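Remarks on the structure that follows.
Residue numbers (the numbering used here): 897 to 1240.
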């Protein structure tokens, strides 16, 4: 008789039920991990955004140390080579418009240069800066002198389509060019910036040049910021937590080179904090700007401060605290620490 010895260690195939159970378990684990992975990725994007704000802060401080002043939020160059503050626009002035220096000096209704243009050498974009003709308006389409390095010829208007990585937040997933119809006539739409000057507490103050230049703070705590559109601000020992820039998710009017759209404010018409809140685009008083301080980060925006640091600020910041952080002559910003992350 032949005996068959059974191997107790022989393998048995998975049944269909067991295979389905394993797949279900894997699916559950993946579902549990996905939110964590998303959080980790957003944390990395916010870190990148803070680093970009830090780069802006360093560029602004370097500019200040070189001249004793911070740049105007927007400017045009006069015929004698000086730089004069220019008008901003929230719908009342055309953006993307070219004009002669003489016409700009008369009514300043033509697109000026943003303060970001002056910082290009500090943002790994010296090659763009060297091609600009500041004796023309920002969107002038006539040929400039040949590039000193390559001999190529550019117009001012043709320079603005190049994106500046330091001016883009990785959490911003929309188009990287300004979508306003005002730019449609250009050969290429200008590239976007996610960072703008925080120029006043509110829109009304922003349009009052004398208040912005005098640093007046009214009874409600409203006033101008350091980077305002009516002139360069001389360094006078501002509180370190005074805001210089904030990110914005404005999509239409946020070309990095355009001075007419370089400024934002922090308090809306109702006296409420405007962070991550869409403005009423149908309200003529708001013009066509949809967002001021805003981001794609959850419940926060990144900002850079006068002390050279970059921070994350909660959208729950109290109105009076935000006003004190924006106005350049507010004496005490200590309460801001409750709404900011540690500095970078």
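No residue lacks a Cβ here, since even glycine has one placed at the ideal position from N, Cα and C. Given the structure is predicted, the values throughout are model-derived calculations rather than measurements.
Extent of the continuous alpha helix (DSSP H) run through residue i
i            : result
residue 854  : The structure shown has nothing for residue 854, since the chain only spans 897 to 1240.
residue 1013 : 1011-1014
residue 1024 : 1022-1025
residue 1052 : 1052-1055
Extent of the continuous beta strand (DSSP E) run through residue i
i            : result
residue 1216 : Run containing residue 1216: none in the beta strand (DSSP E); it sits in the alpha helix (DSSP H), 1215-1222.
residue 1207 : 1206-1210
residue 1171 : Premise fails: residue 1171 is in no beta strand (DSSP E) and is neither H nor E.
residue 1196 : 1196-1201
residue 1140 : 1139-1143
residue 1161 : 1159-1163
Cβ separation of residue i and residue j, assumed to be a contact under 8 Å, to the nearest whole Å
i            : j            : result
residue 1155 : residue 1215 : Contact doesn't hold; Cβ gap of about 28 Å is too wide.
residue 1200 : residue 1066 : Not a contact, Cβ separation roughly 17 Å.
residue 1152 : residue 1089 : 4 Å
residue 1019 : residue 955  : 6 Å
residue 1053 : residue 1030 : Not confirmed; about 14 Å, so no contact.
residue 1232 : residue 1217 : 6 Å
Exposure label - residue i; buried when at least 16 CB within 10 Å
i            : result
residue 1220 : buried
residue 923  : exposed
residue 1234 : exposed
residue 1101 : buried
residue 964  : exposed
residue 1041 : exposed
residue 1083 : exposed
residue 930  : exposed
residue 1094 : buried
residue 951  : buried
residue 1207 : buried
residue 961  : exposed
residue 1143 : buried
residue 1132 : exposed
residue 1224 : buried
residue 1115 : exposed
residue 914  : exposed
residue 1157 : buried
residue 919  : exposed
residue 1000 : Per-residue confidence for residue 1000 stands at a pLDDT of 41, beneath the threshold of 50, marking its modelled position as unreliable; the derived number appears in the next sentence. Residue 1000 should be labelled buried.
residue 1175 : buried
residue 935  : exposed
residue 1043 : exposed
residue 912  : exposed
residue 899  : Annotation note: pLDDT 48 at residue 899 (below 50); position unreliable, coordinate value reported separately. Exposed is the call here.
residue 985  : Legend: pLDDT at residue 985 = 47, less than 50; position of this residue unreliable, value from coordinates given subsequently. Buried: at least 16 other Cβ atoms inside 10 Å.
residue 1150 : buried
residue 1106 : exposed
residue 917  : exposed
residue 1160 : buried
residue 1110 : exposed
residue 921  : exposed
residue 1087 : buried
residue 1145 : buried
residue 1252 : Residue 1252 cannot be examined here, being either before or after the span of the chain that is shown, 897 to 1240.
residue 928  : exposed
residue 939  : exposed
residue 1026 : exposed
residue 863  : Outside the shown range of the chain, which is 897 to 1240, sits residue 863, and nothing can be said about it.
residue 1226 : buried
Below-7 Å beta-carbon distance, residue i vs any chain C residue
i            : result
residue 1188 : This model lacks chain C altogether, as it is built from one protein chain only.
Cβ-heavy atom distance, residue i to the ligand SAH, below 6 Å
i           : result
residue 914 : This structure does not include the ligand SAH; it has no bound ligands of any sort.
Length-filtered (3 minimum) beta strand (DSSP E) runs lying within the segment 1078-1104:
Listed in chain order, they are 1091-1098.
Okay, do the segment 1126-1139 and the segment 1060-1075 touch, 3+ Cβ pairs below 8 Å being the bar?
no
Evaluate contact between the segment 1115-1131 and the segment 1047-1065, counting only Cβ atoms and requiring at least three cross-stretch pairs below 8 Å.
no
Touch test, the segment 1043-1050 against the segment 1184-1198, Cβ-Cβ under 8 Å, three pairs minimum:
No, the segment 1043-1050 is not in contact with the segment 1184-1198.
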